[in-house]
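Numbering (my numbering), first residue to last: 66 to 369.
No residue lacks a Cβ here, since even glycine has one placed at the ideal position from N, Cα and C.
One structure is given here, and the rest of the page talks about it.
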């Protein structure tokens, strides 16, 4: 099914080209894709079709009809993987910073899924379709660390149920901006899609889902802090949104905070993962060392 998105141009959007405005506010659409929709009159401004050169006015009502995406197949690619554990049911992979988990617009190749298809062949669960085979949960492109991959549908369902029941252990470490007043705490605040910027999530009561993050300060560095975080729920961008919400955005987060010189994206690492094995019933737990980029940030902070 197609999706209809409605946007209202704010004062600061006045004078912006319509194609740039839409691509900036709808994450799944590139500027060229927007231009294609404009040519098909799938974009209306105040109920009328416009050209790609149209300059917005404050208060313009923009309606975008996004067609159902055409099916595409992910292809196997010989990309090295750091596999922490593997058996006939699942893999635990240590994803490097900068790698996208599954193919999407703008990232059709070089993803974790492309690498998994080469490594596992047909031995991946099919529950999430051909673009996300085996993917039980995700971490962001610029977040490093551990995630679990299911090799069959039974394992996938069993693991997904643990995530739903909040019995799945997920611990992260991050460098956050600002000095924390308390050594530990819990952020219990619902998360939903941002009203005007669809690339962002936010704390909101509208069209949201409950989200809970527990944090512990490991060390303070003046205006920064090394923190450990445990997810009780797993919403999109949860840690990044929650830390920004309490005034401590993740260092380098250019969406919810500010860029940091020498760091590509946020300083956030999925350090530990724990779950009940879908076949044996045994609780298993894995951890990974902080990657070099994270350690380099800590060394820099030590010298400040």
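For the putative contact between residue 201 and residue 215, defined by C-beta atoms under 8 Å, what is the C-beta separation to the nearest angstrom?
-> Yes, residue 201 and residue 215 are in contact; Cβ-Cβ is about 5 Å, under 8 Å.
What's the call for residue 238, buried or exposed, on a 16-neighbour Cβ count within 10 Å?
-> buried
If you pair each beta-carbon of the region 296 to 304 with each one of the region 278 to 285, do three or more pairs fall below 8 Å?
-> yes
Continuous beta strand (DSSP E) stretch holding residue 233: start and end = Looking at the DSSP string, residue 233 is not in any beta strand (DSSP E), and its letter there is neither H nor E.
Could you check where the alpha helix (DSSP H) with residue 185 kicks off and where it finishes?
-> 177 to 185
Opening and closing residue of the beta strand (DSSP E) in which residue 71 lies = 68 to 73
Taking DSSP as the reference, what is the three-state secondary structure of residue 362?
-> helix
Euclidean distance between Cα positions of residue 150 and residue 157 | It is roughly 5 Å from the alpha-carbon of residue 150 to the alpha-carbon of residue 157.
Consult DSSP for residue 303 and reduce its assignment to one of helix, strand or coil.
-> helix
Quickly, what does DSSP pair residue 351 with across the bridge? List them, please.
-> 338
Taking one C-beta from the region 178 to 188 and one from the region 140 to 147 each time, how about it: are there three or more such pairs within less than 8 Å?
-> Yes, since at least three Cβ pairs between the region 178 to 188 and the region 140 to 147 fall closer than 8 Å, the two stretches touch.
Under the three-state reduction of DSSP, which class applies to residue 209: helix, strand or coil?
-> strand
Contact between the region 159 to 171 and the region 226 to 234 (3+ Cβ pairs under 8 Å) | no
Are the Cβ atoms of residue 317 and residue 331 separated by less than 7 Å?
-> yes
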